[in-house]
Ligand SMILES: [Zn+2]
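Numbering (our numbering), first residue to last: 78 to 240.
This is how it looks when you write it as structure tokens:
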């Protein structure tokens with residue numbers, strides 16, 4: 078993807094600064110957007126010293142707000158860094174993508190907010206049907222709005238989206 082196209086698409090999708098789109102894969106029902114964080118260093122969450130030493134990376138998918146009736150799935154390449162501070166107890170840490178998705182969440186913060194709003198306004202099956210109509214689906218399984226409300230990081234529900 079041309080850098081100019083990536084910047085334009087990032088703007089259209091309203092992605093935070095520092096997130097770069099590497100490719101887009103549209104289908105009839107989905108728009109898979111591959112993204113990476115472009116910062117060369119990340120601060121250790123323990124000692125707050127920046128590290129540029131990458132240990133490894135892994136793939137992670139999160140649902141985002143639908144676009145023109147299609148599910149939007151962000152396919153993230155998440156890096157793990159080595160903390161190089163000798164006195165720090167943290168050896169390896171995962172980069173954070175603040176403003177987009179929390180650690181272990183399977184939906185972006187803005188999709189969680191929309192699903193919660195649907196769940197609170199419509200509730201149960203009615204909220205699920207409305208989510209279907211607007212093209213909202215969980216990347217793996219459709220999450221009902223009531224489940225999203227119960228499991229969101231902002232509530233005290235017992236469930237958590239592990240990952
Ligand atoms: Zn550290």
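Don't be surprised by glycine CBs; every beta carbon is placed ideally from N, CA and C.
Going by DSSP, what residues sit across from residue i in a beta bridge?
{"i": "residue 157", "result": "133 and 171"}
{"i": "residue 152", "result": "111 and 138"}
{"i": "residue 117", "result": "Paired residue(s): none; residue 117 is not in a bridge."}
{"i": "residue 104", "result": "Note: residue 104 sits in no beta bridge, so no partner."}
{"i": "residue 97", "result": "113"}
{"i": "residue 128", "result": "119"}
Specify the secondary structure class of residue i as computed by DSSP and reduced to three states.
{"i": "residue 176", "result": "coil"}
{"i": "residue 147", "result": "strand"}
{"i": "residue 88", "result": "helix"}
{"i": "residue 80", "result": "helix"}
If you draw a straight line from the alpha carbon of residue i to that of residue j, how long is it in whole angstroms?
{"i": "residue 182", "j": "residue 188", "result": "11 Å"}
{"i": "residue 142", "j": "residue 133", "result": "29 Å"}
{"i": "residue 101", "j": "residue 92", "result": "14 Å"}
{"i": "residue 128", "j": "residue 95", "result": "16 Å"}
{"i": "residue 114", "j": "residue 90", "result": "15 Å"}
{"i": "residue 109", "j": "residue 170", "result": "26 Å"}
{"i": "residue 173", "j": "residue 156", "result": "9 Å"}
{"i": "residue 117", "j": "residue 105", "result": "35 Å"}
{"i": "residue 85", "j": "residue 184", "result": "23 Å"}
{"i": "residue 81", "j": "residue 145", "result": "23 Å"}
{"i": "residue 83", "j": "residue 165", "result": "37 Å"}
{"i": "residue 112", "j": "residue 186", "result": "16 Å"}
query = Touch check for the region 144-154 and the region 190-197: three-plus C-beta pairs under 8 Å?
reply = no
ask   = With contact counted as at least three CB pairs below 8 Å, one residue from each stretch, are the region 117-124 and the region 135-146 in contact?
value = no
query = With distances taken from each beta carbon to the nearest heavy atom of ligand 1, which residues come in below 6 Å, in chain order?
reply = 121, 123, 124, 126, 160, 162, 165 and 167
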